[in-house]
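Position in the sequence shown (from 1) plus 3 gives the number in the numbering used here.
Please read the structure below before turning to the comments.
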Amino acid sequence: MGDVCFYPLRITHSPLPITHYPLPITIFVSLSIIIPCLNEAEGIVEALEALQAFRARGAEVIVVDGGSSDDTVARAHARADRVLTAPRGRAAQMNAAVAQARGEILLFLHADCRLPEAADGLIIDGLRRERKSWGRFDVRIAGRQPLLRVVEALMNARSRLTGIATGDQGIFVTRSLFEAAGRFPEIALMEDVELSRRLKRYGAPLCLPHRITASARRWEKNGVLRTILLMWGLRLAYWLGVDPAKLALRYAAHRH
4 MGDVCFYPLR
14 ITHSPLPITH
24 YPLPITIFVS
34 LSIIIPCLNE
44 AEGIVEALEA
54 LQAFRARGAE
64 VIVVDGGSSD
74 DTVARAHARA
84 DRVLTAPRGR
94 AAQMNAAVAQ
104 ARGEILLFLH
114 ADCRLPEAAD
124 GLIIDGLRRE
134 RKSWGRFDVR
144 IAGRQPLLRV
154 VEALMNARSR
164 LTGIATGDQG
174 IFVTRSLFEA
184 AGRFPEIALM
194 EDVELSRRLK
204 RYGAPLCLPH
214 RITASARRWE
224 KNGVLRTILL
234 MWGLRLAYWL
244 GVDPAKLALR
254 YAAHRH
């Protein structure tokens, strides 16, 4: 991999009465792409191949494995800058990767999601232009079923309306804001929703209209309508205060 490329970024934070770590008016920023994995041997090579152009432009790619029983780790080594292991759990894995990352901007990417071309520049230019410190992409679900077009449209509209992002939208955030917000809460499910809720205290997200492509496998395996009802039910239960560990058990039962 060549020399690391750095991008100028102007960042300001909303004047809320919350302690924050101020950044200089102009800093030079690098990007770390963090991919939490568990038993992704079948798709990890394709996922990392899709990131090689970003690596060539200086982005750091980190795979953090939660104890896979397949060849995920072995297959990732040749195509990532770092391959780490951490206690199982997406939140714990991503927090562990941040501790080792060198980027000033952190992008959290699911292994079955694909970034739009020039995502690195879109993030950095967008944060600078809009003077924001975090954001996400619109999402496109890869399947062909017409109902999926409705699902993705509702997901993107809901996110714009509420300021809440989910993991399959590719959450990105400056390191300083991520730390100020308390990192990912290490809960069994909804860590992305809870992080978004914390980040919103510092300002609204940058909602990039460029689309990240998410796998349709969970939708196609269990049925679109059934999956919609499950996700809505889990989200509502979380907002009502149900223990994320109980929600995770329900989600796991649906997947299997």
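Backbone N, C-alpha and C define an ideal beta-carbon position, used for all residues, glycine too.
Nothing here was measured: the structure is a model prediction, and the numbers come from that model.
For Arg238, the closest C-alpha among the options Ala168, Ser136, Arg178 and Arg221 is that of Ala168. Of all alpha-carbon atoms in Lys203, Ala217 and Leu164, the one lying nearest the alpha-carbon of Gly170 is that of Ala217.
In this structure, Asp141 sits away from Leu202, with a CB-CB distance that is not shorter than 9 Å. Restricted to the stretch 113-190, the beta strand (DSSP E) segments that are unbroken, complete and at least 3 residues in length are 137-144 and 175-177, listed in chain order.
Leu198 and Gly166 have their C-alpha atoms spaced approximately 11 Å apart. Looking at the backbone, the Cα of Ala89 and that of Gly69 are separated by about 5 Å.
Per DSSP, the unbroken beta strand (DSSP E) holding Ser35 starts and ends at Leu34 to Cys40.
For Leu211, the three-state secondary structure derived from DSSP is strand.
Excluding five sequence positions before and after Phe187, the CB atoms of its chain that fall closer than 6 Å to its own CB belong to Ala94, Met97, Asn98, Glu194 and Leu198, given in chain order. Closest in C-alpha terms to Leu233, from the list Ala219, Arg253 and Gly244, comes Arg253. Note that the C-beta distance between Val67 and Ile37 is below 9 Å.
Under DSSP, Phe111 shares a beta bridge with Ile37.
At least 9 Å separates the beta-carbon of Ala104 from that of Arg163.
Beyond the five residues adjoining it in sequence on each side, Val48 comes within less than 6 Å, by CB distance, of Arg78 in the same chain, given in chain order. The three-state secondary structure of Ala217, taken from DSSP, is strand. Following the DSSP letters along the chain, one finds Asp68 in no alpha helix (DSSP H) but inside the beta strand (DSSP E) bounded by residues Glu63 to Asp68. DSSP links Val86 through a beta bridge to Val66. Exclusion of the five residues before and after Leu112 leaves Ile36, Ile38 and Gly173 as the residues of its chain whose Cβ lies within less than 6 Å of its Cβ. Nearest neighbour of Arg117 by Cα position, chosen from Arg214, Arg229, Tyr241 and Leu250, turns out to be Arg214. Take the alpha-carbon of Thr230 and the one of Asp115: they are about 17 Å apart. In the structure shown, the three-state DSSP call for Asp246 is coil. By the beta-carbon neighbour count (other beta carbons within 10 angstroms, threshold 16), Trp235 is exposed.
Pairing Ala100 with Ile65 gives a Cβ-Cβ distance under 9 Å. Taking 9 Å as the cut-off, the Cβ atoms of Leu209 and Arg139 count as close. Here the alpha carbon of Ala191 sits roughly 10 Å from the alpha carbon of Arg91.
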